[in-house]
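Let me begin by presenting the structure, written as structure tokens, before commenting on it.
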Amino acid sequence: MKFPQRLFRYAPLAAMASVGLGAVAVLGRIDPNQPGNPLPPCPFYALTGLWCPGCGSTRCLHALVHFDLAQAMAMNPLLVLSMTPMLVMALHGAGLLPAQLQPLVRLFARPMAWMVAIMAYWVARNLPWYPFNWLAPG
């Protein structure tokens, strides 16, 4: 494989890694739980008062950067649980997924299943009674 082809092949993965490292640097220094932080609030929540599937993601990622898995799960369990499938799919897309993990691609590459899961999570986290109220951020 020639150098430009290899560079083109790994460019998306390098871009994702760069953005990820930048986010880790920002979230390592800025606490989104503090009032007056410079990070924007969720526009959907601000307009409707309802939690969207992404609500709590910034606070979840902040907790993960600080190795607080319990707090991360309290903020956005869907994000925490979907990180492994996202990593598997990113490695598969870059051609870096080990052969032993290839069967996971068939399991995770189901867009309709993801859409149904996200929509169900969206509805469930806005239900006000136990145990669904655990899905709300915080």
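All residue numbers for the sequence shown refer to this note's numbering, where the first residue is -6 and numbers rise by one.
Note that CB positions come from ideal geometry on N, CA and C, so glycine has one too.
Computed from a predicted model, the values in this text were never measured in an experiment.
| task | Compare the beta carbon distance of Ile111 and Leu71 with 9 Å and say whether it is the shorter of the two. | result | Indexing the sequence shown from 1 puts residue 111 at position 118. Indexing the sequence shown from 1 puts residue 71 at position 78. Going by C-beta atoms, Ile111 is nearer than 9 Å to Leu71.
| field | Inter-residue Cα distance where the pair is Cys45 and Gly21 | value | Position 52 of the sequence shown, counted from the first residue, corresponds to residue 45. Position 28 of the sequence shown, counted from the first residue, corresponds to residue 21. Going by the C-alpha atoms only, they are around 24 Å apart.
| query | Can Pro25 and Thr51 be called in contact, C-beta distance under 9 Å? | reply | Taking the sequence shown and counting its residues from 1, one reaches residue 25 at position 32. Taking the sequence shown and counting its residues from 1, one reaches residue 51 at position 58. Yes; because the gap between Cβ atoms is below 9 Å, this pair is in contact.
| query | Looking only at its own chain, which residues have a Cβ that is under 8 Å from the Cβ of Pro31, when we skip the five neighbours before and after it? | reply | Position 38 of the sequence shown, counted from the first residue, corresponds to residue 31. Hits under 8 Å: Ile23.
| field | Local conformation of Cys53 per DSSP, three classes | value | Taking the first residue of the sequence shown as position 1, residue 53 is located at position 60. Cys53 falls in the helix class under three-state DSSP.
| query | Is it right to say Gly49 is buried, meaning 16 or more other beta carbons lie within 10 angstroms of its own, or is it exposed? | reply | By 1-based counting over the sequence shown, the position of residue 49 is 56. Under this definition Gly49 is a buried residue.
| message | On a Cα-Cα basis, can you pick out the residue from Asp61, Leu43, Ala87 that is closest to Ala7? | response | The sequence position of residue 7 within the sequence shown is 14, counting from 1. The candidate whose alpha carbon is nearest that of Ala7 is Ala87.
| Is His55 buried or exposed, if buried means 16 or more other CB atoms sit within 10 Å of its CB? | In the sequence shown, residue 55 corresponds to position 62, counting from 1. His55 should be labelled buried.
| How about Leu57 and Val73: are their beta carbons less than 9 Å apart? | Translated into the one-based positions of the sequence shown, residue 57 becomes position 64. Translated into the one-based positions of the sequence shown, residue 73 becomes position 80. It is a contact, given that the beta carbons lie within the stated cut-off.
| field | Chain-order list of residues whose beta-carbon lies under 6 Å from that of Pro78 (same chain, five-residue window excluded) | value | Here the question's residue 78 lines up with position 85 in the sequence shown. Only Phe101 meet the Cβ criterion.
| said: According to DSSP, simplified to helix, strand and coil, what is Tyr38? | reply: The residue you call residue 38 lines up with position 45 of the sequence shown. Looking at Tyr38 - three-state DSSP - the assignment turns out to be helix.
| query | Can you give, in chain order, each stretch of the alpha helix (DSSP H) that sits fully within the segment 77 to 117 and has at least 4 residues? | reply | 95 to 101, 104 to 117
| field | Assumed close pair Ala83, Met9 - CB separation to whole angstroms, cut-off 8 Å | value | Counting from one through the sequence shown, the residue named residue 83 turns up at place 90. Counting from one through the sequence shown, the residue named residue 9 turns up at place 16. Their Cβ separation, rounded to whole angstroms, is 6 Å, which keeps Ala83 and Met9 in contact under 8 Å.
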